[in-house]
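*Asks:* I'd like to ask some things about the structure below.
There are 2 protein chains.
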Amino acid sequence: MSLLDRIRYCQERDTARFRRFLVTGRPLGWIAQELGERLRGFPGVFAVSSEAVQLADGLDSAERRTRAVGDVMLRLREEGWFPGWRGEAFAVAPSFHAAPLLQLERAAARAFGVRCYCVQLNGIVERDGELQTWIARRSLSKPVGPGKLDQIVGGGQPVGIGLRDNLIKECAEEASIPAALARQARPVGAVAYRRQAGDLCDDEVLFNYDLLLPPDFAPLNADGEVAGFELWPLARVKAVLAESDEFLFDVALSLIDFLVRHGVIGPSDPDYIAICEGLWSAPPEGAA
Amino acid sequence: MSLLDRIRYCQERDTARFRRFLVTGRPLGWIAQELGERLRGFPGVFAVSSEAVQLADGLDSAERRTRAVGDVMLRLREEGWFPGWRGEAFAVAPSFHAAPLLQLERAAARAFGVRCYCVQLNGIVERDGELQTWIARRSLSKPVGPGKLDQIVGGGQPVGIGLRDNLIKECAEEASIPAALARQARPVGAVAYRRQAGDLCDDEVLFNYDLLLPPDFAPLNADGEVAGFELWPLARVKAVLAESDEFLFDVALSLIDFLVRHGVIGPSDPDYIAICEGLWSAPPEGAA
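Protein chains in written order, with numbering that gives the first Met the number 0: chain A, 0 to 287; chain B, 0 to 287.
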């Protein structure tokens, strides 16, 4: 296994198992065949063909779409379609800064294969000129990736809150980082992927941030989502990423970007170019 | 104009004006129609069709290809085809770490549209917690981009020298940065583009490096390629990039990456996602 394997994993595509999800005629997601067939049961909300799932004609505003689709999602949740239900509304839009065409619950958004956004934080400590970073072990109760290794803070981007405020909120909940410290986090770029496998098409943009933490700061989880934290040298992060799938697969993408930016992965690596180009392997914004 | 315009400029494609350049059957470059027609005059070296330029059958080793093509290049140079002739050999290979299939003079490599590699350095100074960076004004005698703004150090990657040694050499020649200081430069990622316009298909991977310079260090050009240096706040770099084409167009790509990594361009910019994804807009390594 290698770092490039982590990236290739994020690039798997199997469009045959999915049909497009269109809103106002725009392809904004991918729905697994089985879920698509189930949506035929709600003809007042979904117009389903063998190729695509669209919304019924009458749903001509974001409010109407959100309410009608939301009602169906609650019903399907009872049938067990969305195991990771969170009660967190995600925006479905043609681009990040565009007005949402509807809102979808987080687990449903994932099942609909719409582009999701999240904030990912590298909590960095400098000791004797060497960088280390805080690594979290995800709680066994997390619906996605229980027990996997993670960055110190990371979270989906729900509607109704800005990226930076969301990051500050997650910093408090996940690692008890005070707001004044969290505000020093620096945006350092975004990475993205689309992975179509099994019943899920994950289409995600990760907004990455670096935060230099005082050497005496120790993260403390406040929301039960983290089992524990450890401070790791960057070389260990690289080795564990390359040699195992211990890290949550999308967190791996954010961490590889971190290691590239800090020179821990360098051009003497034969995969360097493939790694750099693979950090953005999702289709361009607005493209099908 | 905007930062995104700088990126879009690097993405212009007009394949109709070019034909493929194939070596051992692999598409490794793009040659403008007019140059392709001229190469018909050397049937012992080039097999030219309306679609592609290949090498003649007998040229079955890198040495033979380099010598035969080199002789033609010298002849065409006399005819004025390669104004920026440098006498610097570039490798033509299916990927960066692969063995070269032939070597081509730098200006000829550009006219053949083969992928070129270069090292780009951000010379950073920290003052009162704020970052500044050294900006160079290219000499008016440079064959490419005379008088344009540039990073403190940048250079093509010729054969026969490693990336880091090349960077250290360029640091000495272009800015009199001592080797001991230059060695502290940190690789921070690569960006890439392919731009097909006019008679040139530029296909380039830029290996980016950051180097923190002492506040009392002042660069001094030693090879006549730089007219002068100035220390700029990052906000000024961003403004001039967005509002003018003063910077050499590929240097702009490297500098936008620099500004993204240092948080000067952040996610509140409506073009942030398009900018991040545009930093690698060349086709994947090994792809046509």
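Glycine residues also receive a C-beta, built at the ideal position from the N, C-alpha and C atoms.
Note down the Cα distance separating B:PRO42 from B:ASP13, rounded to an integer number of angstroms.
*Replies:* About 27 Å.
*Asks:* Could you check whether the region 196 to 216 of chain B touches the region 15 to 30 of chain B, counting it as contact only if at least three pairs of C-beta atoms, one from each stretch, sit closer than 8 Å?
*Replies:* Enough Cβ pairs lie closer than 8 Å, so yes.
*Asks:* Per DSSP, B:GLN325 forms a beta bridge with which residues?
*Replies:* Here chain B covers residues 0 to 287 and nothing more, so residue 325 of chain B does not appear.
*Asks:* Identify, in the order they occur along the chain, each residue of the same chain with its Cβ nearer than 6 Å to the Cβ of A:GLU169, setting aside the five sequence neighbours on each side.
*Replies:* If we look at A:GLU169 and ignore the five residues flanking it on each side, its Cβ neighbours are VAL152 and GLY154.
*Asks:* Under 8 Å by Cβ, that's how I've got B:TYR192 and B:ALA55 pegged, so tell me the actual separation to the nearest angstrom.
*Replies:* With 8 Å as the limit, B:TYR192 and B:ALA55 do not qualify as a contact, their Cβ atoms being about 32 Å apart.
*Asks:* So with Cβ pairs under 8 Å, would you call A:PHE95 a contact of chain B?
*Replies:* Yes, A:PHE95 lies at the interface with chain B (some Cβ there is under 8 Å from its Cβ).
*Asks:* Less than 8 Å between CB atoms is the rule here; does B:GLU169 satisfy it with respect to chain A?
*Replies:* B:GLU169 does not count as touching chain A.
*Asks:* What residues from the region 194 to 218 of chain B come within 8 Å of chain A, judged by C-beta to C-beta, listed N to C?
*Replies:* Within the region 194 to 218 of chain B, the qualifying residues are VAL204 and PHE206.
*Asks:* Do you know offhand how far B:ARG6's Cα is from B:ALA251's?
*Replies:* One point to set straight first is that residue 6 of chain B is Ile, not Arg, in the sequence displayed. Approximately 8 Å, taken between the alpha carbons.
*Asks:* According to the neighbour-count rule (16 or more other Cβ atoms, all chains shown, within 10 Å of its Cβ), is A:LEU139 buried or exposed?
*Replies:* Classification of A:LEU139: exposed, given that the 10 Å Cβ count is below 16.
*Asks:* Based on DSSP bridge pairs, tell me the residues matched to A:ARG25.
*Replies:* Its beta-bridge partners are A:VAL22.
*Asks:* Please classify A:GLY296 as buried or exposed, where buried requires at least 16 neighbouring CB atoms within 10 angstroms.
*Replies:* Absent from the model: residue 296 of chain A. The displayed extent of chain A is 0 to 287, so no value can be given.
*Asks:* Taking all protein chains shown into account, do 16 or more other C-beta atoms lie within 10 angstroms of the C-beta of B:GLY57, making it buried, or fewer, making it exposed?
*Replies:* Exposed: under 16 other Cβ atoms inside 10 Å.
*Asks:* Spell out a yes or no on whether the region 156 to 174 of chain A and the region 241 to 260 of chain A are touching, meaning 3 or more CB-CB pairs, one atom from each, closer than 8 Å.
*Replies:* No: fewer than three Cβ pairs fall under 8 Å.
*Asks:* Is A:ARG18 closer than 8 Å to A:ALA67 when the C-beta atoms are compared?
*Replies:* It is not a contact, given that the beta carbons lie outside the stated cut-off.
*Asks:* Of all the CB atoms in chain B, is at least one closer than 8 Å to the CB of A:CYS275?
*Replies:* By this cut-off, A:CYS275 is an interface position.
*Asks:* Should A:TYR271 be flagged as near chain C, meaning a C-beta pair shorter than 8 Å?
*Replies:* This model lacks chain C altogether, as its protein chains are A and B.
*Asks:* For chain B, find out if any of its Cβ atoms is closer than 8 Å to the Cβ of A:TRP279; answer yes or no.
*Replies:* For A:TRP279, the answer is yes, since a Cβ of chain B falls inside 8 Å of its Cβ.
*Asks:* Since B:GLU284 meets chain A, which of its residues come closer than 8 Å, beta carbon to beta carbon?
*Replies:* Near B:GLU284 (Cβ distances below 8 Å), the residues of chain A are ILE272, ALA273 and GLU276.
*Asks:* Where do the N-terminal and C-terminal ends of the beta strand (DSSP E) with A:ARG185 fall, by residue?
*Replies:* 185 to 196 is the extent of the beta strand (DSSP E) around A:ARG185.
*Asks:* Applying the 10 Å Cβ sphere with the 16-neighbour rule, what's the burial state of B:ALA97?
*Replies:* Looking at its Cβ environment, which holds fewer than 16 other Cβ atoms inside 10 Å, B:ALA97 is exposed.
*Asks:* For chain B, find out if any of its Cβ atoms is closer than 8 Å to the Cβ of A:LEU326; answer yes or no.
*Replies:* Outside the displayed range of chain A (0 to 287) lies residue 326 of chain A, so it cannot be described from this structure.
*Asks:* For chain A, is any of its Cβ atoms less than 8 Å away from the one on B:VAL259?
*Replies:* So yes, B:VAL259 belongs to the interface.
*Asks:* Could you tell me the distance, in whole angstroms, from the CA atom of A:LEU2 to the CA atom of A:ILE255?
*Replies:* If I take the Cα positions, the gap works out to 8 Å.
*Asks:* Cβ closer than 9 Å: which chain B residues qualify as neighbours of A:GLY153?
*Replies:* Within chain B, no residue comes near A:GLY153; the closest Cβ sits about 15 Å away, beyond 9 Å.
*Asks:* For B:LEU252, would you say it is in contact with chain A, using Cβ-to-Cβ distances shorter than 8 Å as the test?
*Replies:* Cβ-Cβ to chain A under 8 Å: no for B:LEU252.
*Asks:* Exposed or buried, which one is A:MET0 when buried takes at least 16 other CB atoms within 10 Å?
*Replies:* So A:MET0 counts as exposed.
*Asks:* Using a C-beta cutoff of 8 Å, does A:GLY35 count as contacting chain B?
*Replies:* So, not an interface residue.
*Asks:* Does the beta-carbon of B:GLY161 have 16 or more other beta-carbons within 10 angstroms, so that it is buried, or is it exposed?
*Replies:* Answer is exposed; the Cβ neighbour count stays below 16.
*Asks:* Under a CB-based cut-off of 8 Å, is B:GLY288 close to chain A?
*Replies:* An answer regarding residue 288 of chain B cannot be provided, because it is not within the stretch 0 to 287 covered by chain B.
*Asks:* Give a yes or no on contact between the region 120 to 140 of chain B and the region 223 to 240 of chain B, applying the rule of three or more CB pairs nearer than 8 Å.
*Replies:* Result yes; three or more Cβ-Cβ pairs closer than 8 Å.
*Asks:* Assuming the contact rule is C-beta atoms closer than 8 Å, B:CYS115 and B:ALA108 should be a hit. Round their C-beta distance to whole Å, please.
*Replies:* B:CYS115 to B:ALA108, Cβ: 6 Å. Contact.
*Asks:* Taking A:ASN165 as part of the alpha helix (DSSP H), name the residues at either end of that continuous run.
*Replies:* Per DSSP, A:ASN165 belongs to the alpha helix (DSSP H) from 162 to 174.
*Asks:* If you compare alpha carbons, which of B:GLN195, B:ILE176, B:ALA196 and B:PRO93 is closest to B:LEU212?
*Replies:* Closest by alpha carbon: B:ILE176.
*Asks:* Am I right that B:ALA171 and B:ALA179 are in contact with their C-beta atoms under 8 Å? What's the rounded C-beta distance?
*Replies:* Not really, about 11 Å apart at Cβ, beyond 8 Å.
*Asks:* Going by DSSP, what residues sit across from B:ASN207 in a beta bridge?
*Replies:* According to DSSP, B:ASN207 bridges with B:GLN119 and B:GLY188.
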